[in-house]
Every structure is written in structure tokens, then in C-alpha cells.
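S.K.: As numbered in the numbering used here, the sequence shown has no gaps in its residue numbers, which increase by one up to the final residue, 574.
Note that CB positions come from ideal geometry on N, CA and C, so glycine has one too.
None of these values were measured; they are calculated from a predicted model.
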Amino acid sequence: MDKLKQAGLYGGALVKVSGSLAERYNGCLAMLGLSSTKLSSFSVDGMGWSPEVAEEKGDHFYLNIGEANSNAIIISPQQKDKPVHMPFHSFDRDIMTAIFAAYDREIRDITKDSAICVHLDQDIDAYYEPFDLLRYKKLSVSFRLLNKLQEKQQEQLELVEQFNEGNNFIDRNLHNKLLESAKNYGDLRHRKLQLEPISLEIDSFYTRAFGGIFVLRDFVNDIIVFEEIEMFEKAIKNTVHDVTLFHTSHNELTSTLVNYRITEFDIKRAAKTERYERIKKHRFVAYLENVEHPLHEVLDSPFLFKKYLNEIELDTRKELMSVELYNQRKIVERDLKIEEVVDLHYQKALLEPHSSLEEEQEELVWMLLTKIVPLDPLHLYWYDKESFYTAYPTWKDSYKDWVIQCILEENKKYNV
159 MDKLKQAGLY GGALVKVSGS LAERYNGCLA MLGLSSTKLS SFSVDGMGWS
209 PEVAEEKGDH FYLNIGEANS NAIIISPQQK DKPVHMPFHS FDRDIMTAIF
259 AAYDREIRDI TKDSAICVHL DQDIDAYYEP FDLLRYKKLS VSFRLLNKLQ
309 EKQQEQLELV EQFNEGNNFI DRNLHNKLLE SAKNYGDLRH RKLQLEPISL
359 EIDSFYTRAF GGIFVLRDFV NDIIVFEEIE MFEKAIKNTV HDVTLFHTSH
409 NELTSTLVNY RITEFDIKRA AKTERYERIK KHRFVAYLEN VEHPLHEVLD
459 SPFLFKKYLN EIELDTRKEL MSVELYNQRK IVERDLKIEE VVDLHYQKAL
509 LEPHSSLEEE QEELVWMLLT KIVPLDPLHL YWYDKESFYT AYPTWKDSYK
559 DWVIQCILEE NKKYNV
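#1: What number of angstroms, rounded off, separates the C-alpha of Thr255 from the C-alpha of Asn417?
#2: Can you tell me whether Leu502 is buried or exposed? The criterion is at least 16 other CB atoms within 10 Å of its CB, across all chains shown.
#3: So, is Thr365 buried or exposed, given that buried needs 16 or more other C-beta atoms within 10 angstroms?
#4: Whose C-beta lies closer than 8 angstroms to the C-beta of Val401 among residues of the same chain, with five residues either side of it excluded?
#5: Cα-Cα, which of Ser300, Phe404 and Asp217 is closest to Ile371?
#6: Determine, using beta carbons only, whether Leu457 and Lys476 come nearer to each other than 9 angstroms.
#7: Beta-carbon within less than 7 angstroms of Asp203's beta-carbon, same chain only, minus the 5 sequence neighbours each way: which residues are those?
#8: Val443: buried (16+ other C-beta within 10 angstroms of its C-beta) or exposed?
#9: State whether the region 497-512 contacts the region 526-538, with contact taken as three or more CB pairs (one from each stretch) at a distance under 8 angstroms.
#10: Would you list the residues sitting across from Glu403 in a DSSP beta bridge?
#11: Thr421 CB to nearest chain D CB: under 9 angstroms?
#12: With H, G and I counted as helix, E and B as strand and the rest as coil, what does DSSP make of Asn573?
#13: Within 10 Å of its beta-carbon, does Ile231 have 16 or more other beta-carbons around it, so buried, or fewer, so exposed?
#14: Just to check my reading of the structure: Leu351 and Ile268 have Cβ atoms closer than 8 angstroms, yes? What is that Cβ distance to the nearest angstrom?
#15: Counting Cβ pairs, one atom from each stretch, are 3 or more of them under 8 angstroms apart for the region 533-542 and the region 559-572?
#16: Just list the alpha helix (DSSP H) runs in the region 202-249, keeping only unbroken ones of 4 residues or longer that don't cross its boundaries, in chain order.
#17: Are the Cβ atoms of Ile360 and Phe249 separated by less than 9 angstroms?
#18: Could you work out which residue in Glu516, Glu498, Leu472 and Leu453 is closest to Thr100 when comparing CA atoms only?
#19: Starting from the Cα of Ala180, find the closest Cα among Tyr541, Leu374 and Asp271 and give me that residue.
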């Protein structure tokens, strides 16, 4: 992972935590009913998740209260616009963006000497079966301040009001209470500490619950897509709910996505895209043996690419180049069917979100398509980082260099 770290593609854009911030972080963990971290310094992402604390606890999702309820910790305004490295839901980063948009000034004020526990509550105490996710339609985001600072502010305001009544200004006991409050918490009277709950509507989404599930709503029919085949096989036995069920490996899934206008497929247009080139080269690398040149040179040079392509066994070569072969033959063979020529991997991998989808839906569909066929290394990094980091160590070193350069260029292009 050293190359990824040097390129800023692994564990980057985190906020460093130590000293008093680490103490406040432990205070928030205690509020959540979790044990403290023994680390004196660590780093956190936009949701307050720490890779070091997760490793210490042996739990990537230590901030969750079960699968149904997630939490976040805000200990610094620097967390604004930071990435969310281990999201449990597809909308987690959007939630943090909404929180900072609504309460940016308040967060700056509060985190001067306190911290915020954020609770994402959908009025479901626990999941018992995947169909519980169909009830997930509204999310309430509530806030609790470390050391109950809102309550202490209210107490201080009441003391001040009492002090200003009649001759209470000579009451020594009242003086002492005011001084003690000011000593412990400072002057809270004019601080912005009240964070009203935020309510958000949830439509289609992805969650890691039950091994990973996509819930697609507002189409012809509700669809649930499972990543784990065991969960799918259990769920398919349930005939009570009016919902269509698929596993990511099902060929019927991709045809349904097209029929429901969730995705679209234009192989002639797709063949001209950089995405197709990445997918083709990713598959190409898997078949290369006894390569005399660095892979990044082979992939960037049309001459070297053709040289090694022609050294691959004929049937494999036809499979790799089946998109070009189909488009060439289709010019004269009008009745040619795509499944007769184009490899099934390409038929799935070259799907893209339907042009009618809104941006949020489009992002979710890209995530689903990446889960179905993880052949584009760039999209794997963008939409499924956990799988990218798992696959990365298995790649040849020279191919890693090519992928890193590809990601850096695309990130710069799209200002990611």
C-alpha cells in the first residue's frame, strides 16, 4: 500500500487527533457506550471514523449501534468536506455535508472546547430481516454535545436570569453557582450550542447490512439486490413482500435494470470511451505472460499493446476484442445478435446509468454496476474502495503504477 499512500490514495485527507482532542474523542465513545481508545494520537475522517481505532478494536464499524443505527463524531471543523472512508450507507457523506452546511458556525463554536455525537436514526431499533430496509424512508439526524453543554448553557442562563431578579445580586450562594459554572464551562450565554435535529428523506440507497444490499425505489417495482448469495436464498423464500429480488451475479438483474430504465447500453458509443479502454486493458493484463516490457508501457503504447495481444491464444484474443469485432461485423451483418459475439463480461461492464437519472441516483447505480462487474479499476476506486484495496495487492507492480497514474489523472480532471 506504500505507493497508494505516497500518491495520497490511501488514508489521505484525514484529521490528526491528539491531546485534548483525543480526550474529547474518548468522551464521545463513552457517550456511545463504547470503550475508550488507548491511542494517544490517531486520525479521523469526515464522520469521525478512525482507521487506527478500528484496527485497535478489530471492528471497522465500531461507531455503529447494530446495523440499523449509525453514529458519527465531530471533534473538529477540519472534518468539513473530508472523505468518509468507511461508510455504512451510500448516503453517509451526503449527511455529513448537510450537517456542516446547516451548522458550520455552530460546529466551529462547539468544537473549541467540546465535541458532538451525531446519531442517524430511522426509527428502527434493529434489523431482523432484509425486508426491514423497505421501511427505511426517513432519517432523523440528532446531536448530543460532550459534557451536556446545551444543558449547562440553559442552567447558566437560568442562573443569570435569577441573578437579575430583585436583590438576588447580593446572594452569595448564587454568586458561587455562577462562578463555578463559568469556571467549569466558560461563559456560555452567547454561544451557538443548540443544534436542532435534521430530517432527511431516503429513496434508493445501499447499506452494508445483511452482507451488502441495494434498495432501488421509485421505478417500475421496488428492487432489492443482494451481495451475499446466502442472504438472497433466505429472502427469496419470503412471498409476503411485493418486491423483486436479485443477487449481483444474476444475468436477469442487468436486463431488468435496462428494462426499468435504470441503466442503458449503447455498445457503439461505449467502445469509444476511456472506460471501455480501462476495462479491456484490465482484462488484457490478466492474460499476459513473459512480458519483456513494464506493463504501464505496454498499456500506453499502441504498438506494444498489439505486439502482446497477438501473442495471446486466438479464442482469448477474440474474447478480449469482441466489442470491436461486433461493431465491425454489425456494419454488414444487420441481423447479428450481440450475444453471438460480445463476451458477457463486456455486456454487463459497459452498462451505464440511464441518462434520465438524477445525480444522486446516478452515483448509486454506478456503485451497483461496479459491484456487479468490478473490471474498471478507476470505478472500483471511486465506488468500492474496500474492494479496490483488497484487489490492489494481487496486481503486478507495474500494473499498479499504471492504475495509480490513471486515478490521479481522472481525479484531477473531475476535481475529485
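M.R.: From the atom records:
#1: 34 angstroms
#2: exposed
#3: buried
#4: Phe289, Leu292, Asn379, Asp380, Ile381 and Ile382
#5: Phe404
#6: no
#7: Leu172, Lys240, Pro241, Val242 and His243
#8: buried
#9: yes
#10: First, the residue type needs correcting, since residue 403 is Leu and not Glu in the sequence shown. Its beta-bridge partners are Ile382.
#11: Among the protein chains of the structure shown there is no chain D, as only one such chain exists.
#12: coil
#13: buried
#14: 6 angstroms
#15: yes
#16: 209-215
#17: yes
#18: Residue 100 lies beyond the residue range present for the chain, which begins at 159 and ends at 574; the question has no answer from this structure.
#19: Asp271
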